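Undergrad: Input: one structure, supplied below.
Residue numbers (the numbering used here), protein chains in the order written: chain A, 223 to 470; chain B, 24 to 347.
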């Protein structure tokens, strides 16, 4: 399987604190990787390094097998890595289509917008990732959508931006069961289109349900990695997580 | 059926506020018609409204852009006079009025850029900072002119006069330009990157920034657009009356702001309606004249102006609160 991105023994320090210590992580094409760890385990430092917000102090970053130097946010986006932040970066009073194309509108000369093309493309995107309700179309305002559906709009936007790897930062936080299921459906559709997802969460059950592979982070180190086939229940994953963190 | 529902609700989301202000306008016309049918069918009443409307439109429509971007500007009422002053002064000194017109508009844009930069860069409250600018600019004008007006009969024989404010077979040209301005602004606001970015910025600044929109630039451009609109309004009025008055524009301050909000643009940013604002202008302009027409004394004008603003706000409330 082709690696989309691989971080090798990446270290990141802030002053005297080592936030990431020789952490290695790879994501291959079409897989969903669940990143778990307690608060302060270094999840957000790892993600921010992955998407180029931080540049690592030590270690190497490979994109599709090629070593990249001077890793930064622009290079990450050019490599097809898109982040969906916790607040989703949406403008709720605007329509879905405006949100999907925010900052990257399709334009005629002189800056006028190709509205029809945008609406057509937005409708295609939201159907592709799994919006089924007939009450929702590209011109519906985002403010009328539920939390899970808003996550879907942000994911659709990432796909429009040619994402190969979508990083979802705590996407099921504060969502009801029903809404969480919607987000899972979106993620599965992303996977079906042969794109990869890095799913960050502290709800083990959510991460267990959706991921093909798990990466456990503790005090800045990747302490364990396992495939879903290796375990059979989320409780097992929880136990492994507790044991590795204890012994670590 | 459900599909129909979604189109209806999307349509209402997009146009509800404009429809509301159209409704108010129609209601007002009906009331005036019932109140004074003889006065209402006389064309000169409507003519005097149409003389007032273009100026208000040039002031109000750009304000819709600015309010939608999440800011407000009061200084436009003084920019109106500064641009007209530059125009009148240059014409008086023998500069070609066509060039004066362009320079006057550039003055408006420059003042807009100055006000916008001050507010955006130093993170000042746009309400308070532009209030300061309103007085400051007016003060500059009064000092420079010694409170004296400037008469510019010179413009009458220049080609720019009939083109901009002349009579085309009895039809005042400024109405044609105002209509063109409205059409342009409709597309500029709804179908152009400038307007779309303004809506994103006013809706959620942080989101807009995260998606790569240059928030400060968008806001400063919105302030500049208000300056340009005020300059056009000021210069047109000066040409129509052949006179620059140092106090001109002050009377439009509250009327233009009222027209924005009566027109259905909410104060919190992210949304705006150009069509609504045109009818907002219509409501305000007819109030100014209609009260007299139905035989009430002028003292009632301010009372009804206030009443209609409050009623309009209550009405637009039906359209819902801000969604987050």
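Beta carbons are placed, not taken as given, at the ideal position from N, Cα and C, and that holds for glycine. These figures come from a predicted structure and were not determined experimentally.
1) Whole angstroms is fine: what's the gap from residue 55(B)'s alpha carbon to residue 310(A)'s?
2) Tell me, please, whether the CB atom of residue 234(B) is closer than 8 Å to any CB atom in chain A?
3) Mind listing which residues of the region 272 to 302 of chain B have their C-beta closer than 8 Å to chain A's C-betas, in chain order?
4) By the DSSP assignment, the beta strand (DSSP E) with residue 256(A) in it spans what residues?
5) Report the three-state DSSP secondary structure of residue 233(B) (helix, strand or coil).
6) Identify the continuous beta strand (DSSP E) that holds residue 240(A) and give its terminal residues.
7) Is it buried or exposed for residue 192(B), if we count other Cβ within 10 angstroms and need 16 for buried?
8) Determine the extent of the alpha helix (DSSP H) in which residue 318(A) is found, giving its start and end residues.
9) With 9 Å as the limit, tell me which residues of the region 302 to 320 of chain A have their beta carbon closer than that to any beta carbon of chain B; keep them in chain order.
10) Using a Cβ-Cβ distance cut-off of 8 Å, determine whether residue 215(B) contacts chain A.
11) Please report the distance separating the alpha-carbon of residue 147(B) from that of residue 238(B).
12) How about residue 309(B) and residue 78(B): do their beta carbons lie closer than 8 Å?
13) Is the region 380 to 388 of chain A close to the region 297 to 305 of chain A, with three or more CB pairs under 8 Å?
14) Does the Cβ-Cβ distance between residue 352(A) and residue 431(A) come in under 8 Å?
15) I need the straight-line Cα distance from residue 286(B) to residue 298(B), nearest angstrom please.
16) Count the other CB atoms, across all protein chains shown, that sit within 10 Å of the CB of residue 97(B); report buried if there are 16 or more and exposed otherwise.
17) Residues of chain A with CB closer than 9 Å to the CB of residue 347(B), please, in chain order.
18) Helix, strand or coil, according to DSSP, for residue 391(A) in the structure here?
19) Judging by CA-CA distance, which residue of 293(A), 287(A), 410(A) and 357(A) is the nearest neighbour of residue 280(A)?
20) Please report the residue range of the beta strand (DSSP E) in which residue 444(A) lies.
21) Looking only at DSSP bridge pairs, what is residue 400(A) linked to?
22) Can you confirm whether residue 92(B), when its beta carbon is compared against all beta carbons of chain A, has any partner nearer than 8 Å?
23) Grouping DSSP H, G and I as helix and E and B as strand, with all else coil, what is residue 483(A)?
24) Give me the Cα-Cα distance between residue 25(B) and residue 409(A), rounded to the nearest whole angstrom.
25) Going straight from the alpha carbon of residue 130(B) to that of residue 109(B), what length do you get?
26) Which whole runs of the alpha helix (DSSP H) in the region 256 to 334 of chain A are 4 residues long or more, in chain order?
27) For residue 345(B) and residue 254(A), what's the separation of their Cα atoms in angstroms?
28) Since I believe residue 107(B) is in contact with residue 260(B) (beta carbons under 8 Å), could you give me their beta-carbon distance rounded to a whole number of angstroms?
29) Are residue 284(B) and residue 221(B) closer than 8 Å when you measure CB to CB?
30) Thinking just about the alpha-carbon of each residue, which of 322(A), 414(A), 342(A) and 397(A) is nearest to the one in residue 376(A)?
31) One question on the structure: do residue 82(B) and residue 279(B) come within less than 8 Å of each other, judged by their Cβ atoms?
32) Where residue 242(A) and residue 232(A) are concerned, what is the direct C-alpha to C-alpha distance, given to the nearest angstrom?
33) Which residue marks the beginning of the beta strand (DSSP E) containing residue 353(A), and which one marks its end?
34) Use the C-beta contact count for residue 243(B): other C-beta atoms within 10 angstroms, 16 or more gives buried, fewer gives exposed.
35) Could you tell me the boundaries of the alpha helix (DSSP H) in which residue 458(A) lies?
36) Report the rounded CA-to-CA distance for residue 307(A) versus residue 429(A), giving the unit in angstroms.
TA: In this structure, then:
1) In a straight line, the C-alpha of residue 55(B) is about 50 Å away from that of residue 310(A).
2) At least one chain A Cβ lies under 8 Å of residue 234(B).
3) For the region 272 to 302 of chain B, which is checked against every Cβ of chain A, the residues closer than 8 Å are 293 and 294.
4) Counting along the chain, the beta strand (DSSP E) containing residue 256(A) begins and ends at 254 to 258.
5) Helix.
6) 239 to 250 is the span of the beta strand (DSSP E), which, as asked, contains residue 240(A).
7) Classification of residue 192(B): exposed, given that the 10 Å Cβ count is below 16.
8) Unbroken alpha helix (DSSP H) run through residue 318(A): 318 to 322.
9) Closer than 9 Å at the C-beta level to chain B, one finds these residues of the region 302 to 320 of chain A: 307, 309, 310, 311, 312, 313, 314, 315, 316, 317 and 320.
10) Interface residue, yes.
11) Rounded to whole angstroms, the gap between the alpha carbons of residue 147(B) and residue 238(B) is 15 Å.
12) Residue 78(B) sits away from residue 309(B), with the two beta carbons spaced by 8 Å or more.
13) Yes, the region 380 to 388 of chain A is in contact with the region 297 to 305 of chain A.
14) For residue 352(A) and residue 431(A), no; Cβs fall outside 8 Å.
15) Roughly 8 Å separates the two Cα atoms.
16) With 16 or more Cβ atoms within 10 Å of its Cβ, residue 97(B) is classed as buried.
17) Going along chain A in sequence order, the residues near residue 347(B) (Cβ under 9 Å) are 314, 315 and 365.
18) In this structure, residue 391(A) counts as strand in the three-state DSSP scheme.
19) Ranking 293(A), 287(A), 410(A) and 357(A) by Cα distance to residue 280(A) puts 293(A) first.
20) Following the DSSP letters along the chain, one finds residue 444(A) inside the beta strand (DSSP E) bounded by residues 443 to 449.
21) For residue 400(A), DSSP records no beta bridge to any residue.
22) Not a single CB atom of chain A sits nearer than 8 Å to the CB of residue 92(B).
23) Not covered by the structure: residue 483(A). The range shown for chain A is 223 to 470.
24) The predicted position of residue 25(B) is uncertain, since its pLDDT is 47 and thus under 50; no value can be drawn from it.
25) Cα-Cα distance, rounded: 8 Å.
26) You should have 265 to 272, 295 to 300 and 318 to 322.
27) So the two alpha carbons sit approximately 36 Å from each other.
28) In this structure residue 260(B) touches residue 107(B) by the C-beta definition: roughly 7 Å separates them, less than 8 Å.
29) For residue 284(B) and residue 221(B), no; Cβs fall outside 8 Å.
30) Looking at the Cα atoms, 322(A) is the closest of the given residues.
31) Taking 8 Å as the Cβ cut-off, residue 82(B) and residue 279(B) qualify as a contacting pair.
32) Distance from the CA of residue 242(A) to the CA of residue 232(A), rounded to the nearest whole angstrom, comes to 7 Å.
33) Secondary structure note for residue 353(A): it is in no beta strand (DSSP E), with a DSSP letter that is neither H nor E.
34) Residue environment: residue 243(B) is assigned as buried (16 or more neighbouring CB atoms within 10 Å of its CB, all protein chains considered).
35) 456 to 469 is the span of the alpha helix (DSSP H), which, as asked, contains residue 458(A).
36) Each residue's alpha carbon lies about 17 Å from the other.
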